[in-house]
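Read in my numbering, the sequence shown has 134 at position 44, and its numbers run on one by one without any break. Beta carbons: idealized from backbone N, C-alpha and C, even for Gly. Just below is one structure, and these are the notes that go with it.
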Amino acid sequence: MKPFLKFTPIALSCALVACAGPAPQSEFAPVTTGGLYSEFSQEAAAEGRYTPFVAGALAQQSLSFSDSAAYYLRALEVDPSNRLIANRAFFQLLYAGRMEEAAKIAVTISEDKEAVFNDDLVSILYVLEAFNRQDWEAVRARLSRVEMTGFGGMLSPLLAGWSYAAQNDIEGAETALADMVADIRLKPIADEHRAYMLDHLSQFEQAEEQYRLIADAAQPLSLQPFVAYADMLARTGKRAEAREFLGEQAVRFSNNNFLLREGQLIAAGLRPTQQSANPQGAVGGTFYRLASEFSRSSSPRAAVIYLRIASYLTPQIADIYFMLGNLMDDLENPAEAAKAYGAVPSTSGLSVIAEERRINALRRGGDVAAAEAALRTAIRDNPRQSLYLVALGDILRERREFGEAILYYSQAIDLNKSSGRQDWFAFFARGVSHEQSKDWPKAESDFLQALTLSPDEPSVLNYLGYSWIDRGMRVDEAKGLIEKAVEQRPEDGFIIDSLGWVNYLTGDYAEAVRLLEKAVRIEPDDVTINHHLGDAYWRVGRFIEARFQWQHAIDSKPDAEELAELRVKMDMGLREDS
Numbered sequence: 091m092k093p094f095l096k097f098t099p100i101a102l103s104c105a106l107v108a109c110a111g112p113a114p115q116s117e118f119a120p121v122t123t124g125g126l127y128s129e130f131s132q133e134a135a136a137e138g139r140y141t142p143f144v145a146g147a148l149a150q151q152s153l154s155f156s157d158s159a160a161y162y163l164r165a166l167e168v169d170p171s172n173r174l175i176a177n178r179a180f181f182q183l184l185y186a187g188r189m190e191e192a193a194k195i196a197v198t199i200s201e202d203k204e205a206v207f208n209d210d211l212v213s214i215l216y217v218l219e220a221f222n223r224q225d226w227e228a229v230r231a232r233l234s235r236v237e238m239t240g241f242g243g244m245l246s247p248l249l250a251g252w253s254y255a256a257q258n259d260i261e262g263a264e265t266a267l268a269d270m271v272a273d274i275r276l277k278p279i280a281d282e283h284r285a286y287m288l289d290h291l292s293q294f295e296q297a298e299e300q301y302r303l304i305a306d307a308a309q310p311l312s313l314q315p316f317v318a319y320a321d322m323l324a325r326t327g328k329r330a331e332a333r334e335f336l337g338e339q340a341v342r343f344s345n346n347n348f349l350l351r352e353g354q355l356i357a358a359g360l361r362p363t364q365q366s367a368n369p370q371g372a373v374g375g376t377f378y379r380l381a382s383e384f385s386r387s388s389s390p391r392a393a394v395i396y397l398r399i400a401s402y403l404t405p406q407i408a409d410i411y412f413m414l415g416n417l418m419d420d421l422e423n424p425a426e427a428a429k430a431y432g433a434v435p436s437t438s439g440l441s442v443i444a445e446e447r448r449i450n451a452l453r454r455g456g457d458v459a460a461a462e463a464a465l466r467t468a469i470r471d472n473p474r475q476s477l478y479l480v481a482l483g484d485i486l487r488e489r490r491e492f493g494e495a496i497l498y499y500s501q502a503i504d505l506n507k508s509s510g511r512q513d514w515f516a517f518f519a520r521g522v523s524h525e526q527s528k529d530w531p532k533a534e535s536d537f538l539q540a541l542t543l544s545p546d547e548p549s550v551l552n553y554l555g556y557s558w559i560d561r562g563m564r565v566d567e568a569k570g571l572i573e574k575a576v577e578q579r580p581e582d583g584f585i586i587d588s589l590g591w592v593n594y595l596t597g598d599y600a601e602a603v604r605l606l607e608k609a610v611r612i613e614p615d616d617v618t619i620n621h622h623l624g625d626a627y628w629r630v631g632r633f634i635e636a637r638f639q640w641q642h643a644i645d646s647k648p649d650a651e652e653l654a655e656l657r658v659k660m661d662m663g664l665r666e667d668s
């Protein structure tokens, strides 16, 4: 196969993440262990059962960032000189995205003459508070007052350099960057910011020379300078050159989505999503990229912190809030995920998928009514967005309103067909709704269409295979589908249950027991899996264990039909002909 050039930000990983050092575990890790998580409640806090500090700690452990910050701030009112409380409040405000309040606390902490040590993040926000106000003298004064290590140590010369560039002093800026330029690890970052500074100061010939050096590098630090260069060309009347340059780079980097997206904006006479040739844009972009690296290195909480700082400097960038939503999803915090997705501007190309994810976050957080209301509004305003139609179908299907769910799935399928697209999931979900409505011919047709569109999708392979087995149809083919699904999801209890059940139905009871025992270890409270394992135990003569599994299935609250079947088995065992 012909090799292709792939963008891999090795330099960024080394220079940024290594310089950033480990995340401050005292703030990112849970503050307590044991049962406190389950003891926190809004009602108990409102009734004054906790002191503000304890309430803040409990809310912090449950990832209720805004609540935690509010309680720590209340505790700080009682004891304003307490550095521990101030630091806790600072970090929870950061997590919650309440940046102005976090910056205010950072200033208070950093200007405490008795303080002997500050966390780097406190010092960073202390300097950025002046940076965001464009008080460049204060930026330099504060940089001289604090001592930062790790990423803060790398950031200091960038902030100092931009404070000079913002005052049209390129010599001062280059002097500030000199130590970075001399460090082979950090020189690519310094070179990038020097290009932005020259562009900012309208020194376009020198900026172009610097941008070209960056673009010609074998392993560029980032693709953002490529976009900034094209933007500069377009701003200086060279739009054709800008289009040609980005076209070449898109081919070079295998049709990179970022370059294609930004290139479309510039070609249309618009500014790129992120504009780096200014102090806030350049430094905000650095934080955004650092967050991206932390998110890829399994440090989502650190990534959240750096994204919040990026949003403080560049609040208009939709990608920041979209990534925040993804991270909050990873942290299983649907309330914060919904807020983050909701912050994506409606003018962004990400707005449709962000709204769909916001609605899904509302559902996961238990606010199904709000999710449904939002979907119906979205469908009214955007009736040709199939994502919304499918999402509403999902809510209705989960509520067992299969008839109405089928209508919305069908609308989505018709819309996709009219635009030349096909969505396996819409067919699959409609098939499930037909199957649950006892309309097997239509269900089978939809499952087969979903399988045609996505031949390796485990959910489709499993559901169709199990449905065939359950009806005594195409058993060998069904077993093949389920085995294929298990290969892709070897730890999915429901798919393993299906394979166990096909072995049961084909008389291989010992193998059925082995598989069903594994399935029940993964999904210990599922009614169907426990029911199946009980049947398999009975077939191999393990009668006491069979009744135990059936009783556990009963305790797991099956529907009325399955409950009646289980009670008969508890009383009479399993008939030979069943």
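Determine the direct distance from the alpha carbon of residue j to that of residue i, and round the result to whole angstroms.
i: V434; j: L440; result: 7 Å
i: Q314; j: R284; result: 14 Å
i: L452; j: A393; result: 22 Å
i: T122; j: Q151; result: In this predicted model, T122 has a pLDDT of only 35, less than 50, meaning its place in the structure is not dependable; the value taken from the coordinates is given anyway. If I take the Cα positions, the gap works out to 7 Å.
i: S312; j: T376; result: 10 Å
i: D289; j: S382; result: 25 Å
i: P424; j: Y162; result: 22 Å
i: R333; j: R351; result: 12 Å
i: D269; j: P247; result: 8 Å
i: S128; j: F492; result: Here S128 scores only 37 on pLDDT, less than 50, and its place in the model should not be relied on; the value that follows carries that caveat. Computed Cα separation, rounded: 36 Å.
i: E117; j: A272; result: The predicted position of E117 is uncertain, since its pLDDT is 45 and thus under 50; a value taken from the coordinates is nonetheless stated next. Their Cα atoms are separated by approximately 34 Å.
i: E655; j: L606; result: 19 Å
i: F180; j: A600; result: 59 Å
i: Y627; j: D645; result: 18 Å
i: P82; j: G570; result: Lying before the first or after the last residue shown, residue 82 is absent from the chain, which here runs from 91 to 668.
i: P170; j: A176; result: 8 Å
i: L126; j: E422; result: For L126, the predicted model reports a pLDDT of 32, less than 50, meaning its position is unreliable and no value from the coordinates is stated.
i: L174; j: R275; result: 35 Å
i: Q539; j: Y499; result: 14 Å
i: D582; j: V197; result: 50 Å
i: L245; j: G374; result: 11 Å
i: A650; j: L465; result: 32 Å
i: S557; j: L543; result: 19 Å
i: G262; j: A231; result: 15 Å
i: F155; j: A320; result: 40 Å
i: R302; j: E338; result: 13 Å
i: M189; j: E237; result: 22 Å
Would you kindly check if the distance between the Cβ of residue j and the Cβ of residue i is under 8 Å?
i: H642; j: W591; result: no
i: R447; j: G483; result: no
i: L336; j: F343; result: no
i: E222; j: L380; result: Before going further, note that residue 222 is Asn rather than Glu in the sequence given. No, Cβ-Cβ distance for N222 and L380 is not below 8 Å.
i: A408; j: I449; result: no
i: L74; j: G251; result: Coverage of the chain is limited to positions 91 through 668, which leaves residue 74 absent and any answer about it impossible.
i: I585; j: A575; result: yes
i: A400; j: Y378; result: yes
i: A516; j: N506; result: yes
i: I485; j: E462; result: yes
Taking all protein chains shown into account, do 16 or more other C-beta atoms lie within 10 angstroms of the C-beta of residue i, making it buried, or fewer, making it exposed?
i: S292; result: exposed
i: Q365; result: buried
i: L360; result: exposed
i: M322; result: buried
i: N347; result: exposed
i: Q115; result: In this predicted model, Q115 has a pLDDT of only 44, less than 50, meaning its place in the structure is not dependable enough to derive any value.
i: K429; result: buried
Judging by CA-CA distance, which residue of the options is the nearest neighbour of residue i?
i: I634; options: E613, S646, M662, K647; result: M662
i: T239; options: L218, D210, V217, G251; result: D210
i: A228; options: E201, F241, M244; result: E201
i: Q370; options: S438, I260, R391, W226; result: W226
i: S476; options: F294, I260, L397, I503; result: I503
i: E298; options: E331, Q309, L276; result: E331
i: V617; options: N368, R487, Q354, P648; result: P648
i: L153; options: W530, A602, E426, I572; result: E426
i: L417; options: Y185, R232, R665; result: Y185
i: Y216; options: Q224, K194, K203; result: K194
i: S527; options: S213, R489, S385, D546; result: R489
i: R329; options: A428, Q354, Q309; result: Q354
Got a sec: is the Cβ-Cβ distance from residue i to anything in chain D below 8 Å?
i: L276; result: You won't find chain D in this structure, because it holds only one protein chain.
Item to check | Length-filtered (4 minimum) alpha helix (DSSP H) runs lying within the region 131 to 212 | outcome: 132 to 136, 142 to 151, 155 to 168, 173 to 186, 189 to 200
Next on the checklist: Just to confirm the assignment: which complete alpha helix (DSSP H) runs, minimum length 4, are found wholly within the region 530 to 610?
Outcome noted: 530 to 543, 548 to 560, 565 to 578, 583 to 595
Next on the checklist: Just to confirm the assignment: which complete alpha helix (DSSP H) runs, minimum length 4, are found wholly within the region 395 to 462?
Outcome noted: 408 to 420, 424 to 432, 441 to 454
Item to check | Inside the region 204 to 284 only - alpha helix (DSSP H) runs reaching at least 4 residues | outcome: 210 to 222, 226 to 235, 240 to 255, 260 to 272
Item to check | 3-residue-minimum beta strand (DSSP E) runs that sit fully inside the region 627 to 668, ordered along the chain | outcome: Counting only runs of 3 or more, we get nothing.
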